[in-house]
Structures are given as C-alpha cells and as structure tokens.
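Here the structure is laid out as structure tokens; the discussion comes afterwards.
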Amino acid sequence: MKKIGIGLILLVWNIGHGQSEGPKNWSENELAQYTKLTELATYVYQKKKNEISKDTLFKRYIYFDNVLNDTVAERKENRLAVFDTIFYYFRKTVDSIGLENLDAKPMRFYKDHEIYKPFDESKAKKSIDGGKMYTRDSNVFAYFRKEDPEAPLGALLFEPETDKLGAWIMINQGGYRYFLTFNLL
Numbered sequence: 482m483k484k485i486g487i488g489l490i491l492l493v494w495n496i497g498h499g500q501s502e503g504p505k506n507w508s509e510n511e512l513a514q515y516t517k518l519t520e521l522a523t524y525v526y527q528k529k530k531n532e533i534s535k536d537t538l539f540k541r542y543i544y545f546d547n548v549l550n551d552t553v554a555e556r557k558e559n560r561l562a563v564f565d566t567i568f569y570y571f572r573k574t575v576d577s578i579g580l581e582n583l584d585a586k587p588m589r590f591y592k593d594h595e596i597y598k599p600f601d602e603s604k605a606k607k608s609i610d611g612g613k614m615y616t617r618d619s620n621v622f623a624y625f626r627k628e629d630p631e632a633p634l635g636a637l638l639f640e641p642e643t644d645k646l647g648a649w650i651m652i653n654q655g656g657y658r659y660f661l662t663f664n665l666l
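Structural data, given as structure tokens:
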C-alpha cells in the first residue's frame, strides 16, 4: 500500500511539473511569437474567408504595416487583394491538419534537418557581391504534425518587434531561398 501511495504521489507530481514547464530553452521572444501563432491559428481555424476580419489579422497577428502605410493607394489595394490569395495557404494548412494535430517550434531546433538549409551560413552560396545568401534563423519557426515533430512541413517568419507573423511561404529561386513578404515589396 505504501508503494502505491508513493507511486501516486510521484505520478501526480510529474504530471503537474510537466504541465507547468512549457517549452524548454525558449527565449521570451520565442514564447511570445508562439503565443501569437497559436492565437492566429485558433482565430482562423475552420472559418470562411468572410468570417475573418482583415482589421483583426493586421492589428493582432500579421505584420502588414508597410503595406497599410503605403501612400500609393493603388499599390496598397493590389497588395491587399493578393494577400487573400496568399493567406489562403496558411488557413488551408491549419484547416487540413487541424489545431489539435498541428504545432511549431523555433527553427534553431532543426539544424540537422533539410529544412534548415536556407539558414545555414556554412552551406550558403555566394551572391554577386561575394556575400553569403542565407536567412537568419532567429524569429523563424518550423511547423509540424504533432505525431511527427521531427518532420517539419514548413517555416514561419515573425517580425521581431511586434511578434506578428511576417511570412509563411518560402520561395526557392535560382538556388536561393527567401521568404515571400509583403513588407519588402
């Protein structure tokens, strides 16, 4: 009976301790970005396009500031229209995998995986000016199915000052990979 009591105490302690720890070795910035990502995924999950407010997306979750502050109205309107097309990819991923099956963690945890290649300075090609073409892994998360966390499906870029999602599509062009982001257009 004494052994069962000790076993129950250890089991309860482990469950409680495991739930309060959260992600290990994550910075405050990474935790804030992860929180923003989970809130965004929850907000768009299984909603139709007309049920999602762009004002809410841009105010809380997606970094779109440079576009919204653009002084050329036609360019701003064109980018807003294109946003719908590109954001569909994010929504479709969340809906098809499901909130309960989807998770993410900082890209730095994937240094031995193929997905990390665009972030590895030692493997980066040289550009015309002789500098290396690679993307820094800070503010980047890899997302994956919970049942297979070692097989990331893609990458997400966060704007570091606001912790808002800045890009969710990487483009491979001419051997160089970079994020598609509206704020650089």
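Positions in the sequence shown are counted from 1; adding 481 to them yields the numbering used here. All residues carry an ideal CB built from backbone N, CA and C; glycine is no exception.
Note on geometry: alpha-carbon atoms of Phe-639 and Trp-507 lie some 15 Å from one another. According to the DSSP assignment, Val-553 belongs to no beta strand (DSSP E), since it is labelled neither H nor E.
In the DSSP assignment, Lys-645 falls outside any alpha helix (DSSP H) and lies within the beta strand (DSSP E) extending over 645-648. Between Phe-622 and Met-588, the C-beta spacing is below 8 Å.
Taking all protein chains shown into account, Ala-562 has fewer than 16 neighbouring C-beta atoms within 10 Å of its C-beta and is therefore exposed. Shown here, Lys-540 sits in a helix according to DSSP, grouped into three states. Sequence-distant Cβ neighbours of Ile-596 in its own chain, meaning closer than 7 Å and more than five residues away, are Ala-623, Pro-633 and Ala-636. The beta carbons of Lys-540 and Val-548 sit no closer together than 8 Å. Pairing Leu-512 with Phe-600, the inter-Cα distance amounts to about 20 Å. For Asn-620, the number of other beta carbons within 10 angstroms of its own is at least 16, and it is reported as buried.
Taken atom to atom, the span from the alpha-carbon of Asp-584 to that of Val-553 is near 38 Å.
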